[in-house]
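Q:
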Amino acid sequence: MPLGERNGDKESRYCGVGTDFSNDMPQLLEYSIKGGFDFVLATLVDPAYRPSLESSNNLGSGALPVAGSDLVLSPAQWSSHVVGKISSWIDLDSDDEILRRDSEICLKQEVAWASHLSLQACLLPVPKGQSCANYSRCVNQILQSSNNMQLWLRIPLRKHEDGDPMDDQSLGGDPIDSWETWNSFRLLCEHNSQLSVALDVLGSLPSTNSLGRWIGEPVRAAIIHTNSFLTNARGHPCLSKRHQKLLTQFFNHSVQVVISGGLAHPIPIKSLESATNDVNSEFLNLVADGLAFCFIINCAFDFVRHRENIKMVVTVNVFYAMVSETDILLVFKGDVGHPLRAYLYYIGYLYQKMDPLPEQELYELSYRDFLQSPLQPLMDNLEAQTYETFEKDTVKYLQYQRAVGKALLDRIPDEKASSVTSVLMVVGAGRGPLVRASLEAAKETGRTLKVYAVEKNPNAVITLHSLIKLEGWEKIVTIVSSDMRHWDAPEKADILVSELLGSFGDNELSPECLDGAQRFLKPDGISIPSSYTSFFQPITSTKLYNDVKAHKDLVHFETPYVVKLHKVARLAPCQPVFTFVHPEYSPSNDNQRYTKLKFEIPEDTGSTLVHGFAGYFDATLYKDVHLGIEPTMPTPNMFSWFPIFFPLRAPVCVRPGVPLEVHIWRCSGSTKVWYEWCVASPSSSPIHNSKGRSYWVGL
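In the UniProt record's numbering, the protein residues as written are 1 to 699.
#1: Assuming the contact rule is C-beta atoms closer than 8 Å, Ala264 and Thr226 should be a hit. Round their C-beta distance to whole Å, please.
#2: In chain order, which beta strand (DSSP E) runs of at least 3 residues are fully inside the region 383-446?
#3: Taking all protein chains shown into account, do 16 or more other C-beta atoms lie within 10 angstroms of the C-beta of Thr208, making it buried, or fewer, making it exposed?
#4: Identify the residues that DSSP records as bridge partners of Arg666: which are they?
#5: For a test of the three-state rule: what should DSSP assign to Thr208, helix, strand or coil?
#6: State the start and end residues of the unbroken beta strand (DSSP E) segment that holds Ala222.
#7: With a cut-off of 8 Å, do at least 3 Cβ pairs link the region 370-381 to the region 554-572?
#8: Under 8 Å, do Phe578 and Arg649 count as touching if we go by C-beta distance?
#9: When you compare each of Ser668, Trp179 and Pro686 to Arg158 by their alpha carbons, which one comes out closest?
#10: Is it the case that the Cβ atoms of Leu230 and Cys238 are separated by a distance below 8 Å?
#11: Beta carbon of Leu521, beta carbon of Ser498: below 8 Å?
#12: Going by the CB atoms, is the gap between Cys122 and residue 700 shorter than 8 Å?
#13: Measuring alpha carbon to alpha carbon, tell me which residue in Cys15, Ala42, Gly16 and Pro377 is nearest Pro26.
#14: Write down the C-beta distance between Arg98 and Ala569 rounded to the nearest angstrom, noting that I regard them as a contact closer than 8 Å.
#15: Please work out which residues of its chain come closer than 7 Å, Cβ to Cβ, to Met379, disregarding the five sequence neighbours upstream and downstream, and give them in chain order.
#16: For Gly615, which option in Gln575, Ala417 and Leu211 has the closest C-alpha, if you only look at C-alpha atoms?
#17: Does DSSP put Phe617 in a helix, a strand or coil?
#18: Leaving aside the five residues before and after Leu171 along the sequence, list all residues of the same chain whose C-beta is less than 6 Å from its C-beta, in chain order.
#19: Who are the near neighbours of Ala114 in its chain, counting only those whose CB is closer than 7 Å to its CB and skipping five residues on each side?
#20: Counting only the same chain and skipping the five closest in sequence on each side, list residues whose C-beta sits under 8 Å from that of Tyr14.
#21: To the nearest angstrom, report how far apart Leu28 and Lys108 are at their CA atoms.
#22: With C-beta atoms as the reference, is Phe617 less than 8 Å away from Gly606?
#23: Tell me whether the region 460-469 and the region 414-434 touch, counting them as touching only if at least three CB pairs, one residue from each stretch, are closer than 8 Å.
#24: Which stretch, first to last residue, makes up the alpha helix (DSSP H) that contains Thr181?
#25: Would you mind giving the Cβ-Cβ distance between Arg666 and Asp494, rounded to the nearest angstrom? I have them listed as a contact below 8 Å.
#26: Within a Cβ cutoff of 6 Å, which residues of the same chain sit near Ala403, ignoring the five residues on either side of it in sequence?
#27: Whose C-beta lies closer than 7 Å to the C-beta of Ser210 among residues of the same chain, with five residues either side of it excluded?
#28: Check the C-beta distance from Pro538 over to Phe613 and give it rounded, since I have them as a contact under 8 Å.
#29: Does Ile328 come out as helix, strand or coil in the three-state DSSP assignment?
#30: Could you compute how far the alpha carbon of Leu660 sits from the alpha carbon of Ser196?
#31: Quick one: what's got a C-beta closer than 8 Å to Gly35's C-beta in the same chain, skipping five residues either side?
#32: Could you check where the beta strand (DSSP E) with Ser260 kicks off and where it finishes?
#33: Examine the Cβ distances between the region 353-361 and the region 541-558 and report whether three or more of them are shorter than 8 Å.
#34: Going by Cα to Cα distance, which pick from Ala222, Gln194 and Gln399 is closest to Asn637?
#35: How should Gly525 be labelled, buried or exposed, when 16 other C-beta atoms within 10 angstroms of its C-beta is the threshold for buried?
#36: Nearest to Gly129 by CA position, among Phe185, Gln120 and Trp152, is which residue?
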């Protein structure tokens, strides 16, 4: 069964258990499932098997010594409850020719058998040594011809400065930054989307920045050895605060957990000599004593009615949501439960105590890491569904309302409030939310407004007319069905209000639109927004890169995408890119821009792979009223804008201490505006989207 239910989380989290080779797969699986685990990480082939020994002795029957025929479990059981584990002795880059050949043969045989069983995933052993070229080559061959089965490459979560290089010798490999091993392997396998990572979580962890890299990688499982657990004051297994935080991050990114190893925490025996006939009462007393979990207890118990020694399991859990009623029963002779169930309960407890997803995250779940083309508001007329989605963002319109209110108070003193009428123009009025926000601001401040609602979409204008009539605003609001750039206003405006901002601030042509509309403003008029700045940030996101790569063309690698970033590692703080101020009366005003940025990735991060750049914006609506999505100062609970993703055709590897130099241009022609971008250091990339050949915004 899943680890439990977390409020708002629609995806279940599962916990598996690592097992040794067994000739009785049904019994192994039944034992593990009854013990509370969801799946087994099972060795599929006898670890003593070597092809070279079979052929030299001529004793081989030709049949692979597997853990059991495909008939011993149903197809559903194989697929849902078994993850195959490829033999750990395999070393495809060994200098020993016989071992290397045996390894190649066994790898192909075992993966083929796992595929035959319809397993969803197979765990590949840790690469041995720093070179993994032949291992990668063999895996890449398998990936080219395989079905949809995922291959999880086992990688120890370590970095060379962590300390004693011998502490994880059993996992194989050399004491280096294990991310380097993974990166080398996946590059040799051409970023294949069926190749993922299973991280071995060790007793000591690298730095926080180093761990952060893995959030952007395709981590499918976290294998936690029982030796990595600490012992709490009551003698029960627990994890350090850093391990708990790491697991919480994994849970948030749909990473499954596997418990590996033997029982490393002997469970303290609690005598129940004072138990009465009312067993449930005794259990309640244990709970009242503050005991979070009471695990397998092997003790002599003088049972009042039977007067005989029995073996017993007591699984009392104060976290009732995790344990069924049957878990609070005595289990008689021979059935003492799974020895690792204590670790399972603790992992379940960590998942259950996570905070529920906030309302905004619930709304955005289906958009996570989903690439969307940015809007073309000047070229295309928005549909009703798009308007409705944006209009639900009440936070945004409250900010506009605050900004208009402050502008009115600054512009009209209290003594003139009843005698002066301010002219306010909403350019790009849509279906009227900014008109409503402006009139609400006027009502709150006691000021009088005359409003012009300018909208080019004839379909939205129909809705505007209905709204004005419904609200009785006919004498206050004048609807103008026209492009703001071509309309001749009958009078000058005191305040010009617009919501033309895109995810990158200027990417929906707010500068061009407002430059054309500012002729409506009085010389001392106010523009809301008054300024906005775009921001750039290097990121790792294998998911986004593979999604773009799947299109197999240049155009998609030269197109920025709006996306709710989730499985993303943010590698350095954001830096400002372009700033626009309104109104802009400079005679040399030009909306073309060029910026060079230099990012310093923290050295303790280690090497990283940059798949592209996340773009954000922050806007000043009026004075201290802000609106934006820049990660360090986002407007809380606002969902109108997701970040924008600028991909790189070829990911760039950045070593510790080496700066990342990026160039970005905002270009314009007579009919379009577009961006160009490239990396200049530590290695040069092509200039993306030259002359707007792949992506542009039409004027």
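We put the beta carbon where it would ideally sit given N, CA and C, even for glycine.
A: If we stick to the structure as given:
#1: 4 Å
#2: 421-427
#3: exposed
#4: Arg593 and Tyr675
#5: helix
#6: Val219 to His225
#7: yes
#8: no
#9: When C-alpha distances from Arg158 are compared across Ser668, Trp179 and Pro686, the shortest belongs to Trp179.
#10: yes
#11: no
#12: The first residue shown for the chain is 1 and the last is 699, placing residue 700 beyond what the model contains.
#13: Ala42
#14: Looking at the sequence itself, residue 98 is Ile, so the reference to Arg does not match. Not really, about 41 Å apart at Cβ, beyond 8 Å.
#15: Excluding positions up to five away in sequence, the list reads Gly698.
#16: Gln575
#17: strand
#18: Residue placement at Leu171 is flagged as unreliable, the pLDDT there being 46, under the threshold of 50; a coordinate-derived value is accordingly withheld.
#19: Leu44, Gly84, Cys122 and Met149
#20: Pro2, Leu3, Asp38, Phe39, Gln256 and Val257
#21: 25 Å
#22: No, the Cβ-Cβ distance between Phe617 and Gly606 is not below 8 Å.
#23: Touching, yes.
#24: Ser178 to Leu188
#25: Contact flag wrong, Cβ pair sits at about 30 Å.
#26: For Ala403, where only same-chain residues beyond five positions count, the Cβ hits under 6 Å are Ile528, Leu621, Tyr622 and Val625.
#27: The answer, listed in chain order, is Lys159, Asp604, Thr605 and Gly606.
#28: Pro538 to Phe613, Cβ: 6 Å. Contact.
#29: Caution applies to Ile328, whose pLDDT of 35 falls short of 50 and renders its modelled position unreliable; the model cannot decide the point.
#30: Put simply, the backbone Cα of Leu660 is about 26 Å away from that of Ser196.
#31: Val17, Gly337, His338, Leu340, Arg341 and Leu344
#32: Gln256 to Ser260
#33: no
#34: Gln399
#35: buried
#36: Phe185
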